[in-house]
Amino acid sequence: MRPLALARRLVLLLALPAVLAGAWWAATEDSTDFFWPPLSDILGTFGETWFTGRFTADVLPSLARLLAGYLVALVLGVGLGVAIGSFRTLRGLVEPVMEFFRAIPPPVLVPILMLFAGIGNGMKVLVIVSGCLWPVLLNTVEGVRSVDEVLRDTARCYRLRPHARIIHLVLPGAGPRIFAGARQALSIGIILMVISEMFAASDGIGFTVIQFQRSFAIPQMWTGIIMLGLIGIVLSLAFHALEARVLSWYTGQRRAQREG
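According to mature numbering (1 follows the signal peptide of the UniProt record, and there is no 0), the residues represented by the sequence shown are -26 to -1, 1 to 234, in order.
Take a look at the structure:
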């Protein structure tokens, strides 16, 4: 990317956050409200709150649970989605069940999962899996169904083995839909990570934010919200970089179609 284009992209990326942060700073600069402290006070306590032991004690365990649940949901969602999308009979059998379970809000399952999985890390990972699974699964099913029939017929003519057909035809063809579902699942996973840590937890960002709120440490509570936002930004950028690399063939094809 050329330096000028890179600079323009950075300006576009940072312009809105800078404006919002400036507006927040100006709106709270002279605030005397206990629950709405000045942004300068919040930022002043950010480093002391999160980088004096809580990063390893709370942030890293939260990220580990998020990564575990997210990866399990990806593997299950893609694996089941390929199978369901490839066989019409199987899809007809499981579609009503899928529609039923995906309509249940994942936070509602937290008390039920606590009964069966306890209050440890397993419960929190299961909560994340229960919410992240459906976007990946449903998008994978639709992606597999949308694979070009001409390409399917070509693969059959060349007598590709089933595993080769999945690797070289089905997964690349469904790749854009799979990544769309994975992107949705990532945002859902962050939300469920926090919610799961608010129930019978002893560490994690969600647990720490609730503890700050209950002890009326309001600036520290706001720093937890900012930390969650920063984690979301970093994970989103990392996901975007991975998506751009894996789907470079797809974006190049779309660009060529637009220019043509």
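By construction, the Cβ of each residue, glycine as well, lies at the ideal position given by its N, Cα and C atoms.
Local conformation of phenylalanine 173 per DSSP, three classes = coil
Would you kindly work out how many angstroms separate the C-alpha atoms of serine 5 and alanine 42, rounded to a whole number?
-> 41 Å
What are the start and end residues of the alpha helix (DSSP H) that includes valine 101?
-> 95 to 119
Can you give the Cα-Cα distance for leucine 83 and valine 101, rounded to whole angstroms?
-> 7 Å
For alanine 57 versus asparagine 113, is the C-beta distance shorter than 8 Å?
-> no
Would a C-beta distance cut-off of 8 Å place methionine 172 and phenylalanine 186 closer than the cut-off?
-> no
Quick one, which of Ala159, Asp177, Val121, Thr128 has its alpha-carbon nearest phenylalanine 213's?
-> Ala159
Buried or exposed by the 16-neighbour rule on C-beta atoms within 10 Å, applied to tryptophan 108 = buried
For phenylalanine 90, I'd like the list of residues in its chain whose CB is within less than 6 Å of its CB, leaving aside the five on either flank, ordered along the chain.
-> none
What span of residues does the alpha helix (DSSP H) with leucine -15 cover, start to end?
-> -24 to 2
Please name the residue, chosen from Arg219, Glu22, Gly96, that lies closest to leucine 40 on a Cα-to-Cα basis.
-> Gly96
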